[in-house]
Amino acid sequence: MRECPTHGDLLAAYALGALEPDEAAAMRRHIETCAICSEQLPSMRSLPGLLDTVDMADVPPPEPPAWLEESLLDQIARETPRDGGRRERTRRRVLAGALAAAAAIAVAALVIVLSGEDEQAYARASLGGPSGARAYARLESVPAGTRVSLKAHELAGAPGNRYELWCIAVDGRWVSGGSFRAPGGEAEVVLTAAVGAGEYHRIVVTPEGTRAPALMRGKLQY
Amino acid sequence: MARSDASLLHQLPHDRSGEALRELYRRFGGELFGFACNALGDREAAEEVVQDVFARAWRQAERYDEDRASVRTWLFAIARNRIVDMRRRASARPAVAAWPQEPEEQAQVLEQAVLRWQVAAALARLTPDHREVIRLAHYAGLSLREISEHQGIPLGTVKSRLSYALRSLRLILDEMGVEA
Chain W
1 MRECPTHGDL
11 LAAYALGALE
21 PDEAAAMRRH
31 IETCAICSEQ
41 LPSMRSLPGL
51 LDTVDMADVP
61 PPEPPAWLEE
71 SLLDQIARET
81 PRDGGRRERT
91 RRRVLAGALA
101 AAAAIAVAAL
111 VIVLSGEDEQ
121 AYARASLGGP
131 SGARAYARLE
141 SVPAGTRVSL
151 KAHELAGAPG
161 NRYELWCIAV
171 DGRWVSGGSF
181 RAPGGEAEVV
191 LTAAVGAGEY
201 HRIVVTPEGT
211 RAPALMRGKL
221 QY
Chain D
1001 MARSDASLLH
1011 QLPHDRSGEA
1021 LRELYRRFGG
1031 ELFGFACNAL
1041 GDREAAEEVV
1051 QDVFARAWRQ
1061 AERYDEDRAS
1071 VRTWLFAIAR
1081 NRIVDMRRRA
1091 SARPAVAAWP
1101 QEPEEQAQVL
1111 EQAVLRWQVA
1121 AALARLTPDH
1131 REVIRLAHYA
1141 GLSLREISEH
1151 QGIPLGTVKS
1161 RLSYALRSLR
1171 LILDEMGVEA
């Protein structure tokens, strides 16, 4: 940006109203005769209005938690076989005339096998915690309630590395899904909690036998 | 050379490594999250929105038309729809702040949320000295002379610092496409 050699460094202060009254009056007179300043003033003039939209307390703006990226990639990785199944189906339609019925059934069976795992889950949840713990949970209905398949990484902070999973019911009850160990911070476990779909929206992992501190938590995505 | 946003998006359906998705997330995840936080006032809900935006982008990448919108605009449009859905669901709960009924007003609220995020992000990119001088001159309403006395810095230094600070801010906002 070109800058006026005599008054360039005052333009910003002028636009912000940070000049003393006599300086501001002199600047106003200067701008009327200066091509550079009069050209640059409008882009500076809009700044006070833009600054008014934020509160300095909001700077820097919130950053997404680090585990969100991994949880997203986990989610996509899980969905990938399903997509493969869909493509299989499309191809099958194209070749339908030529293919024997048996082959078509085999492809259909493949689709069911590939997508079956995910079809059963009524919800999933990404969990994260302040110290970098993160997990992915898949929730399925079983006669006893909900089967929670949990895959956790970098879980730490419980005595003896023993943890407990809780489902927080909509009425505020904490329903335990049971306890598990996470050697080296890693765990891949299947637990059962006595809650059903729609009865809860949050999952929390704590040290075993206590409700605090929450080492990681997550919201269900139905 | 860095790959274009559009080519990354087109690659999504064929990319088994997840690298294209990761790169898109790194380019836009932060601002989408800031925008969603701003619009929803809830970090957990914002996390859900961001995850959903990228999952949808991945599933619907074939629908993206480079000639009609930038990838950024397209992703924000998905985020907007998600936020509107969430606000609609949440409005059943009395605790949530008022949310306009009219789609036009909703669009306005969301535009404001994007702008707020952009200005905050631009301020965050300035040096601490530049941010501070803007805070004193704009938010605290001090004149150059008062800042000089208040901070014990020569008037000439305050003058050039505020000038550099606002010019940098203007440049960053221009880069982000903030025209006003």
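Quick mapping for you: the protein sequence lines, in order, are chains W and D. Residues in the first sequence are numbered consecutively from 1, following this note's numbering. Residues in the second sequence are numbered consecutively from 1001, following this note's numbering. For glycine and all other residues, C-beta sits at the position ideal for the given N, C-alpha and C.
Under 8 Å, do D/ALA1150 and W/LEU51 count as touching if we go by C-beta distance?
The question names Ala, but residue 1150 of chain D is His in the sequence shown. Not a contact, by the Cβ cut-off of 8 Å.
Please state if the CB of D/LEU1032 and the CB of D/ALA1020 are separated by a distance shorter than 8 Å.
No.
Terminal residues of the alpha helix (DSSP H) in which D/ILE1172 lies:
For D/ILE1172, the uninterrupted alpha helix (DSSP H) run begins and ends at 1155-1175, by DSSP.
Output the distance between the C-alpha atoms of D/GLN1118 and D/LEU1173, rounded to the nearest integer angstrom.
Going from the Cα of D/GLN1118 to the Cα of D/LEU1173 covers about 7 Å.
Which residue's Cα is closest to the Cα of W/ASP271: W/ALA125, W/GLU63, W/VAL59?
With chain W covering 1 to 222 only, the question about residue 271 of chain W has no answer from this structure.
Quick check on the burial criterion: 16 or more other C-beta atoms within 10 angstroms. Buried or exposed for D/LEU1024?
Classification for D/LEU1024: buried.
Is D/VAL1071 helix, strand or coil by DSSP?
Helix at D/VAL1071.
Is it buried or exposed for W/THR206, if we count other Cβ within 10 angstroms and need 16 for buried?
Only buried fits W/THR206, as 16 or more other CB atoms lie within 10 angstroms of its CB.
Exposed or buried, W/PRO65, counting other C-beta atoms within 10 Å across all chains shown (16 or more means buried)?
By the 10 Å Cβ count, W/PRO65 comes out buried.
Contact residues within the stretch 1045-1076 of chain D, judged by C-beta distance below 7 Å to chain W
Considering only beta carbons, the part of the stretch 1045-1076 of chain D lying closer than 7 Å to chain W consists of GLU1047, GLU1048, VAL1050, GLN1051, PHE1054, ALA1055, TRP1058, in chain order.
Mapping DSSP to helix, strand and coil, what is W/LEU19?
In this structure, W/LEU19 counts as coil in the three-state DSSP scheme.
DSSP three-state assignment for W/VAL142, whether helix, strand or coil:
Strand, per DSSP.
State the DSSP-derived secondary structure class of W/CYS167, mapped to helix, strand or coil.
In the structure shown, W/CYS167 sits in a strand (DSSP, three-state: E or B).
I need the boundaries of the alpha helix (DSSP H) containing D/LEU1024, first residue and last residue.
From DSSP, the alpha helix (DSSP H) with D/LEU1024 extends over 1019-1040.
Around the Cβ of W/ARG86, are there at least 16 other Cβ atoms within 10 angstroms (buried) or fewer (exposed)?
With a pLDDT of only 46 at W/ARG86, under the threshold of 50, the placement of this residue in the model should not be trusted; the figure read from the coordinates follows. Residue environment for W/ARG86: exposed (fewer than 16 other C-beta atoms within 10 angstroms of its C-beta).
Who does D/HIS1130 pair with in a DSSP beta bridge?
D/HIS1130 pairs with nothing; no bridge assigned.
Is it the case that the Cβ atoms of D/VAL1114 and D/PHE1076 are separated by a distance below 8 Å?
Yes, the Cβ-Cβ distance between D/VAL1114 and D/PHE1076 is below 8 Å.
Residues near W/LEU191 by beta carbon distance below 6 Å, same chain, minus five either side
Excluding five sequence positions before and after W/LEU191, the CB atoms of its chain that fall closer than 6 Å to its own CB belong to VAL148, LEU165, GLY177, GLY178, given in chain order.
Please name the residue or residues paired with W/ARG221 in a DSSP beta bridge.
According to the sequence shown, residue 221 of chain W is Gln rather than Arg. By DSSP's assignment, W/GLN221 forms a beta bridge with W/ARG124.
Does DSSP put W/VAL175 in a helix, a strand or coil?
Taken through DSSP and simplified to helix, strand or coil, W/VAL175 comes out as strand.
Where W/VAL189 and W/VAL142 are concerned, what is the direct C-alpha to C-alpha distance, given to the nearest angstrom?
Their backbone Cα atoms lie some 16 Å apart in a straight line.
Check whether the Cβ atoms of W/ALA224 and W/LEU139 sit closer than 8 Å, and answer yes or no.
The requested residue 224 of chain W is not part of the displayed model; chain W covers only 1 to 222.
Would you give the residue range spanned by the alpha helix (DSSP H) that D/HIS1150 belongs to?
1144-1151 is the span of the alpha helix (DSSP H), which, as asked, contains D/HIS1150.
Going by DSSP in three states, D/GLU1111 sits in which element: helix, strand or coil?
Here D/GLU1111 carries a helix assignment [DSSP, helix/strand/coil].
Between D/LEU1012 and D/ALA1057, which are expected to be in contact by the criterion C-beta below 8 Å, what is the C-beta distance as a whole number of angstroms?
Yes, D/LEU1012 and D/ALA1057 are in contact; Cβ-Cβ is about 7 Å, under 8 Å.
Is there a C-beta anywhere in chain W that falls below 8 Å from the one on D/HIS1014?
Not flagged as an interface residue toward chain W: D/HIS1014, since no C-beta distance is shorter than 8 Å.
Give me, in chain order, the residues of the same chain whose beta-carbon lies closer than 7 Å to that of W/LEU127; leave out the 5 immediate sequence neighbours on both sides.
When the five nearest sequence neighbours on each side are left out, the beta carbons in the same chain lying within less than 7 Å of the beta carbon of W/LEU127 are those of ARG134, ALA135, ALA137, ILE203, VAL205, MET216, ARG217, GLY218, in order along the chain.
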